[in-house]
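Position one of the sequence shown corresponds to residue 2 (the working numbering), numbered consecutively onward.
Single-structure report; data block below.
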Amino acid sequence: MISENSRQPFVCFYFTGPLPCGYGPGNVSTTRSSDLVLNDSFVVHSATVSLQAVLSGERALDDDRLRTLDGVVSPFYQDSGAVTRGLSVNVQLPSGRRHSVSFNANDYVSSIVLNSPFAGGYPAFSQSAFVHYGIASLSDTYHPDTKTLIAGAVGVNQANGSGTSPFASVNAERTLGKSDVITASYEAGTVGAVSQSLGQVLDPRSLLFNCARQTGFGAAGGTPQAKQSSSSAALAWQHFFGSSRFDLNLYRRVRRGDPFTILINGNGVPGGQFPSGYFSDADQLYASQAGCGQPAFLSPANLYFYDSVSGVDRVYEGLHATATLAFGPALTIQPSYVVNVARITSVPASLLAAGTDISVGSQVPGVPLHSEILLADYRIGEQAEILGAARHVDGNNANNLPAYTTVSFAARLNTKHGALVASVTNLFNQEAGKFITNDGTTIRSSTGLTIPTFAIPIAPRTFSLTYRVQTGQGSAQAPPVSTTSNEQTFSFNPRSLPSSPPSDALSPNTGSPTCTPELIDVARSQLAALARYVEDIEKARSGATYPLAFSPLHSGAISAFYRAFGDAYALELEFNMSNPNGPRAFGAMLSCSNVAFGTREQIIAHDGYLPAQMTPGKSYLIYQPSLGLYIFLNQQQTAQSRLTLYTLPPRPPKDPFAIDNARCLSEFRPLAQQLLVSLAGYVQAYSAQGTAATQPRGWRISPHLAKAGFWLQLAPTDPYGIQAVESCGHVSQGTGTQIHARGLDARNGIDLNFAPQLGIYGRDDSLP
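Dropping the structure here:
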């Protein structure tokens, strides 16, 4: 069980009138959260059953009873709570060499309550919302041969407001020759849960104004949601040539009836949501120094509200092309081009008539049509490295800025006792600033008028110079950015904590040496779900104030739990390891995203979030707007040791790639099966030909010759690969002396090895 309590003062980042935000001091936000997770696994007739129960609760208090606006007492007090209960059941049936069949069922219920004894002098209110989602599926992963993977699932999903619907998904991957991999996927029939409207009372003293346009912006209480459904299709191609590669991804996703936050004119807000005296109070605020300092007569016509509505259908389609070009061992260049078409296909006529920022056939506001990234990495031996990045984003971006290009550089110099790192971000100071202002690009409304917006500037040019020294045997430090050794493999390749908010925080890092074709699609899907969740959080904030509580995200094997932190928030990311895709999802996130690494001291120095209570030896993956994704290893105690392995076998094993059902953990079975099948095909080809140029799926293999024949150094590309193989396969272990006595050799350390005489084995010279 993990619990957390926090208390944070109000901090202002808006500067749209004479005073920043206009709120007086002494206002605080407090949060209290707790998470309880229970897991159990047992075996019934060779089938592994895993159960997980989740109970999480959050309470947030927005205590602004000391709020003043231009000297006028304007108290606000809001108490909210959220409770999520969930149960997950996974049954992994006995697996063969080609099939892995499992049954999975999940059921989650979330309830939200919002109370306020008074809101800026308006009547007290108490509202609640309810969300329920459940799914049951039967899935099979089929390996017809070493170059083909077919995975499919059928089942039913049910959600409140959307009913019960059958769904199906299929994913196929085929390796063509030695240079090409094709992946295709399709999913249809998924439904979404409907969240009831909270219908909270509007507070005119929370309005933000664009003084130049005499326009105000606020938040409405939402409208009843409609039935939701979605379908998606994707096609990916990877081509390898020499040490370079090219990736092309095409996708199309249709979303019907999803809750969608739009900017709607006050004429479209139901009149019952405006309390008596709302507009006269809004006029008074506008004329005060906390507003615009000049008189105005506000009405629904010049007020806009962010409102969650239903009945809006959308289509997302586009492509992502990336080339990783290696020019010798020193220089790598990676250009990337993205086209993201996000079109509105259906809008209720009443919304269009009132005036909104969307219209049929138009691009979704805040989603740029094109973006380009150019990365360059130049290594000078093992001692130095220079990195450069240029990113161009079209207009209609989430910052409400015109099209812009940012350039950043970093250099690292390794010394005898540490590393010197110098960097500059936003070199040319493009669209830079510290405060949100009222000079953003305008949006054309559905009625033909222009809607002013707020500009969210890019962090100004920032120089950083750090010298990192490693002291003591157990000190934690991020591994190097890259390596030139063909035999060195990182489980993941994190970067240092950034000095300013990263622009690529939730973008896939396809240039990472550990990001393999089988992981990129998984990571891309997870990052897209997180990006949508972050977008929903951004739209839910009022002015510069983020919500004190927000419903958790549960998407596939990943969950994100919202934590109010400082003047912003953080997300604790968790992966359901009882889900067959859990280990792969976690590995894909580490390998194919822009993850930073920091010690406790480094994270605190960067004003980073750390969970209040942490399990010793556990890694925590966090998202924070100012730092992006970062991982923290709680090293208060030594992490769990590796599994106890077998001794070296006296004779060659009969089937060195068989699954050991008696000790195989269910969460590792799908990954272990894939790795063992892939490895078996490689060994068969190598034994017959004496060479196998194509690396098998999920492995980086280095062949070696010894007195007794060949042996292979094995490095899984998945961070959980070694644990999966050790849990589900037959892995022996011996000292270097014992292995040499058999006429073979091995890499000493965490890597695995293979030889026909021993099967899969490891070397540990510390053994007695």
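Ideal Cβ positions, reconstructed from N, Cα and C, are used throughout, including at glycine.
If you're wondering where the values come from, they're calculated on a predicted model, not measured in any experiment.
The continuous stretches of beta strand (DSSP E) do not include arginine 670, which lies in the alpha helix (DSSP H) extending over residues 670-690. Look at phenylalanine 275 here: in three-state DSSP terms it is coil, with no helix or strand label. Shown here for serine 101: same chain residues with a beta carbon closer than 6 Å to its own, the five before and five after excluded, namely Thr142, Pro671, Gln674 in chain order. Boundaries for serine 504: no beta strand (DSSP E) harbours it, and the DSSP string shows neither H nor E there. Note on isoleucine 381: under 16 other CB atoms within 10 angstroms of its CB, so exposed under the neighbour-count rule. Threonine 165 counts as exposed, since fewer than 16 other beta carbons sit within 10 angstroms of its beta carbon. Between glycine 760 and valine 726, the C-beta gap is not smaller than 9 Å, which leaves the two residues out of contact. Inter-residue distance for histidine 741 and tyrosine 687 is about 22 Å (C-alpha atoms, whole angstroms). Contact between valine 313 and isoleucine 265 does not hold, since their C-beta atoms are separated by about 11 Å, which reaches or exceeds 8 Å. Between valine 114 and leucine 139, the CB-CB gap reaches or exceeds 9 Å. Counting of Cβ neighbours within 10 angstroms places valine 74 among the exposed residues, the total staying below 16. In the three-state scheme derived from DSSP, where H, G and I count as helix and E and B as strand, tyrosine 534 is classed as helix. Cβ-Cβ distances below 6 Å link alanine 54 to Leu39, Leu88 in the same chain, with the five nearest sequence neighbours on each side left out; the list follows chain order. The DSSP-derived three-state label of threonine 416 is coil. Shown here, serine 231 sits in a strand according to DSSP, grouped into three states.
Under DSSP, the beta-bridge partners assigned to threonine 142 are Ser101, Ala152. Annotation: glutamate 59 is outside any alpha helix (DSSP H); the continuous beta strand (DSSP E) that includes it extends over 48-65. At a Cβ-Cβ threshold of 9 Å, tyrosine 631 and valine 678 do not count as neighbours. When C-alpha distances from asparagine 662 are compared across Pro95, Asn158, Asp746, the shortest belongs to Pro95. In this structure, the alpha-carbon of arginine 33 lies about 39 Å from that of glutamine 215.
In the structure shown, arginine 33 falls within a strand segment according to DSSP collapsed to helix, strand and coil. Here leucine 753 carries a strand assignment [DSSP, helix/strand/coil]. Membership of histidine 393 in the beta strand (DSSP E) is indicated by the continuous run 385-394. The Cβ atoms of leucine 332 and tyrosine 379 sit closer than 9 Å to each other.
Leaving aside the five residues that flank phenylalanine 247 on each side, the residues in its chain whose CB is nearer than 6 Å to its CB run, in chain order, His240, Ala324.
The criterion of a C-beta distance shorter than 9 Å is satisfied by glutamate 318 and valine 342. By the criterion of a C-beta distance shorter than 6 Å, aspartate 765 is surrounded in its chain by Gln734, once the five residues flanking it on both sides are discounted. DSSP places histidine 741 in the uninterrupted alpha helix (DSSP H) bounded by 737-742. If you draw a 10 Å sphere on the C-beta of serine 409, you find 16 or more other C-beta atoms in it, and that means buried.
Less than 9 Å divides the Cβ of alanine 565 from the Cβ of glutamine 9. Boundaries of the alpha helix (DSSP H) harbouring glycine 722: 722-729, taken from the DSSP string. Pairwise C-beta distances place the stretch 436-456 out of contact with the stretch 408-425, as fewer than three of them are shorter than 8 Å.
A straight line joining the alpha-carbon of arginine 256 with that of glycine 193 spans about 10 Å.
About 6 Å separates the beta carbons of arginine 392 and serine 504, which is inside the 8 Å limit, making them a contact pair. Annotation for glycine 389: Ala377, Phe410 place their beta carbon closer than 6 Å to its own, counting only its chain and skipping 5 residues before and after.
Excluding its 5 nearest sequence neighbours in each direction, valine 316 has C-beta neighbours in its own chain below 6 Å: Val255, Arg344, Thr346, listed in chain order.
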